[in-house]
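Numbering (my numbering), first residue to last: -9 to 298.
Listed below in structure tokens is the structure:
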């Protein structure tokens, strides 16, 4: 298998400048959220965002005409207050010259628990393009139409099917893949303990999420960049679809894991969650879905039960 990829150890803000101008067709990444994970140094929100202003301009320079950026972020939280990072990054990338095409909501069932606000169950992907003549391949990511037999009732195509035989355009709401192919919602589980792709990284990209962006926004041979590589999920997705790839990672341990996963992929032994597979339903789901006996005690009967 001829795989064209480069993984570099170092700081993304410096390494991005080493790329050839107008060489990248897709930048897809999930940058550190400034929330104190082991791979980042927490700072105030203004300083964190300021750091990306120059970086976004570098990405514009390195992106080919018609190239895309998929920038996946969640929330920054300070003293209990939520700051949605996609709102702040919109201005940064807009000022750098990019245009927003979709704000994609990625919903998952297992996320941040909270007891003084609603639990976090989604993050967002900002899809930007460089210019208006951008690549968008809809056919590889179509989902089955809900009413494939629907016919036009007027006009020149009266009595003819109104849809596309390959399926319909999926929505910008990607749900974490119960009735994925029926609903048109993209249901992609985040990588938790029982996920087949799980490694030591605490905020790992699911390969399935990257695959869909790559299939829609690039073609074979295009260069895909992930400046915050982590353990290499984006690299694997790119190589699965015959794209060239370059990734940056400053944590040497994560870079080692990324290389190991790529080698396992080349050997055919890497465990991956197949695109479109339904969400796993655990054995004994009926039992764990049952209300506990303790909640049905005399003290709680007739009262609203509070769940922490």
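By construction, the Cβ of each residue, glycine as well, lies at the ideal position given by its N, Cα and C atoms. All figures in this text were calculated on a predicted structure; none of them were measured in a lab.
What does the Cβ neighbour count give for residue i, buried or exposed, with the cut at 16 atoms within 10 Å?
i: residue 108; result: exposed
i: residue 15; result: buried
i: residue 114; result: buried
i: residue 183; result: Because residue 183 carries a pLDDT of 42, less than 50, the predicted location of this residue cannot be relied on, and the following value inherits that uncertainty. Exposed, because fewer than 16 other Cβ atoms sit within 10 Å of the Cβ of residue 183.
i: residue 77; result: exposed
i: residue 137; result: exposed
i: residue 2; result: buried
i: residue 105; result: exposed
i: residue 147; result: exposed
i: residue 82; result: buried
i: residue 17; result: buried
i: residue 64; result: buried
i: residue 72; result: exposed
i: residue 217; result: buried
i: residue 32; result: exposed
i: residue 57; result: buried
i: residue 86; result: buried
Look at the Cβ atom of residue i, then the Cβ atom of residue j, and state whether they are nearer than 8 angstroms.
i: residue 119; j: residue 88; result: yes
i: residue 214; j: residue 224; result: yes
i: residue 0; j: residue 251; result: no
i: residue 160; j: residue 200; result: no
i: residue 142; j: residue 153; result: no
i: residue 306; j: residue 61; result: With the chain covering only -9 through 298, there is no way to say anything about residue 306.
i: residue 262; j: residue -3; result: no
i: residue 227; j: residue 197; result: yes
i: residue 38; j: residue 24; result: yes
i: residue 125; j: residue 208; result: yes
i: residue 51; j: residue 238; result: no
i: residue 59; j: residue 49; result: yes
i: residue 140; j: residue 151; result: yes
i: residue 233; j: residue 249; result: no
Note the first and the last residue of the continuous beta strand (DSSP E) segment covering residue i.
i: residue 124; result: No beta strand (DSSP E) contains residue 124, which DSSP labels as neither H nor E.
i: residue 79; result: First-last for residue 79: 75 to 86, but that is the alpha helix (DSSP H), not the beta strand (DSSP E).
i: residue 234; result: 234 to 239
i: residue 67; result: 65 to 68
Could you tell me which of the options sits nearest to residue i, measuring between CA atoms?
i: residue 243; options: 201, 219 and 261; result: 219
i: residue -6; options: 248, 212 and 254; result: 212
i: residue 7; options: 46, 24, 39 and 23; result: 46
i: residue 131; options: 261, 79 and 205; result: 205
i: residue 10; options: 41, 32 and 54; result: 54
i: residue 95; options: 110, 51 and 149; result: 110
i: residue 22; options: 232, 195 and 151; result: 195
i: residue 162; options: 210, 32, 254 and 92; result: 92
i: residue 69; options: 79, 35 and 40; result: 35
i: residue 221; options: 85, 253 and 150; result: 253
i: residue 157; options: 128, 231, 149 and 145; result: 128
When DSSP builds the beta bridges, which residues end up paired with residue i?
i: residue 53; result: 14
i: residue -6; result: Paired residues: none, contrary to the question.
i: residue 350; result: The structure shown does not extend to residue 350, since the chain spans only -9 to 298, so no value can be given for it.
i: residue 112; result: 97
i: residue 19; result: 61
i: residue 71; result: 68
i: residue -1; result: 239
i: residue 92; result: 117
i: residue 163; result: 95
i: residue 133; result: 158
i: residue 141; result: 151
Starting from residue i and walking both ways along the alpha helix (DSSP H), at which residues does that stretch end?
i: residue 210; result: It is not in any alpha helix (DSSP H) - residue 210 carries neither H nor E in the DSSP assignment.
i: residue 7; result: Residue 7 -> no alpha helix (DSSP H), and no H or E assigned at all.
i: residue 246; result: 242 to 257
i: residue 224; result: 223 to 230
Comparing the CB of residue i with every heavy atom of the ligand NAP, is any distance shorter than 7 angstroms?
i: residue 146; result: What this structure holds is no ligand at all, so the ligand NAP is not there to describe.
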